[in-house]
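Using the working numbering, you'd call the opening residue of the sequence shown number 1 and step up by one each time. A short worksheet on the structure shown next.
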Amino acid sequence: MAFFDDARRFGILVMVTAIISLAAGIGALTEGLDETWNLLDGIGGIVAALIMLGCGLCIFLDMEPGFLWYFFPEGAGSKFGAITGFTAAAGLALLIGLGPELISAILGAVIGILLLAIAWMITDEKKGLRKKIVWVSLAVLFFLCLMHGVVIALGTGLSILTGVAEILTFLVAMFLLYDGDVKAKFGL
Numbered sequence: 001m002a003f004f005d006d007a008r009r010f011g012i013l014v015m016v017t018a019i020i021s022l023a024a025g026i027g028a029l030t031e032g033l034d035e036t037w038n039l040l041d042g043i044g045g046i047v048a049a050l051i052m053l054g055c056g057l058c059i060f061l062d063m064e065p066g067f068l069w070y071f072f073p074e075g076a077g078s079k080f081g082a083i084t085g086f087t088a089a090a091g092l093a094l095l096i097g098l099g100p101e102l103i104s105a106i107l108g109a110v111i112g113i114l115l116l117a118i119a120w121m122i123t124d125e126k127k128g129l130r131k132k133i134v135w136v137s138l139a140v141l142f143f144l145c146l147m148h149g150v151v152i153a154l155g156t157g158l159s160i161l162t163g164v165a166e167i168l169t170f171l172v173a174m175f176l177l178y179d180g181d182v183k184a185k186f187g188l
């Protein structure tokens, strides 16, 4: 089980998922340049993938993440830091990456805002019931994102690879979230 509870390996997995998503974003961009939505989807997907690539690199190298430093309270290499930074980066990426349909853009924006709010609540110094609720909310959102990966993997072509990578990423994120040290930070 060492693979599932190592922050560095999680960083590699986030980077691999981001690179696959980057290819999907480029594919969406070149798929229909005549359609405005495909153009916006492609650009949003590329920017979102670059954000996640930067997050994965910060986690893997345990380096100072620049403008997202607030979301890595213990450094990017710790399990808790990896979870908080990943939550913030995923929220920002979901907010920016539109998706192929209007409904996916709306749902992505809502989940992105929720993840950013949770990342902000994780990093504040308050303890108690609120932290426990945040942990449960994060576990539910990670599970929903895992299920989203399952739905994506049912597609064709590059979406199968994207879905499998997303499943693995959120599965490892769930394992990190259930780690004893991380749960202790949430007062569990």
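Yeah, the Cβ is synthetic: ideal placement off N, Cα and C, and Gly gets one too. These figures come from a predicted structure and were not determined experimentally.
Residues near F86 in its chain [Cβ-Cβ closer than 8 angstroms; skip 5 each side]:
Residue mapping note: residue 86 aligns to position 86 of the sequence shown, counting from 1. Once the five neighbours on either side are set aside, the close Cβ partners of F86 are F10, V14, C55, I59, A173.
Please confirm whether A48 and A90 have their CB atoms less than 7 angstroms apart.
In the sequence shown, counting from the first residue as 1, residue 48 sits at position 48. In the sequence shown, counting from the first residue as 1, residue 90 sits at position 90. Their beta carbons are not under 7 angstroms apart, which means A48 does not touch A90 by this criterion.
Can you give me the start and stop residues for the alpha helix (DSSP H) that A159 sits inside?
Counting from one through the sequence shown, the residue named residue 159 turns up at place 159. The question names Ala, yet the displayed sequence has Ser at residue 159. Unbroken alpha helix (DSSP H) run through S159: 158–177.
When we look at the beta-carbon of M52 and count the other beta-carbons within 10 Å, is it buried (16 or more) or exposed?
Locating residue 52 in the sequence shown gives position 52, where the first residue counts as 1. M52 is buried by the Cβ-count criterion.
What are the start and end residues of the alpha helix (DSSP H) that includes K132?
In the sequence shown, the residue the question calls residue 132 occupies position 132. K132 -> alpha helix (DSSP H) spans 129–153.
Just to confirm, are I43 and T162 a CB contact at a threshold of 7 angstroms?
By 1-based counting over the sequence shown, the position of residue 43 is 43. By 1-based counting over the sequence shown, the position of residue 162 is 162. No.
Member of I118, E35, D62, A109 whose CA lies at the smallest distance from the CA of T84
Taking the first residue of the sequence shown as 1, we reach residue 84 at position 84. The residue with the shortest Cα to Cα distance from T84 is I118.
Nearest by alpha-carbon distance to I12: which of I26, L61, G108, F72 is it?
The count along the sequence shown starts at 1 and reaches residue 12 at position 12. Residue L61 is the option with its Cα nearest to I12.
Pull up the CB-CB distance for K185 and F80, whole angstroms please, since I reckon it's below 8 angstroms.
Walking along the sequence shown from the start, residue 185 turns up at place 185. Walking along the sequence shown from the start, residue 80 turns up at place 80. About 5 angstroms; that satisfies the 8 angstroms criterion.
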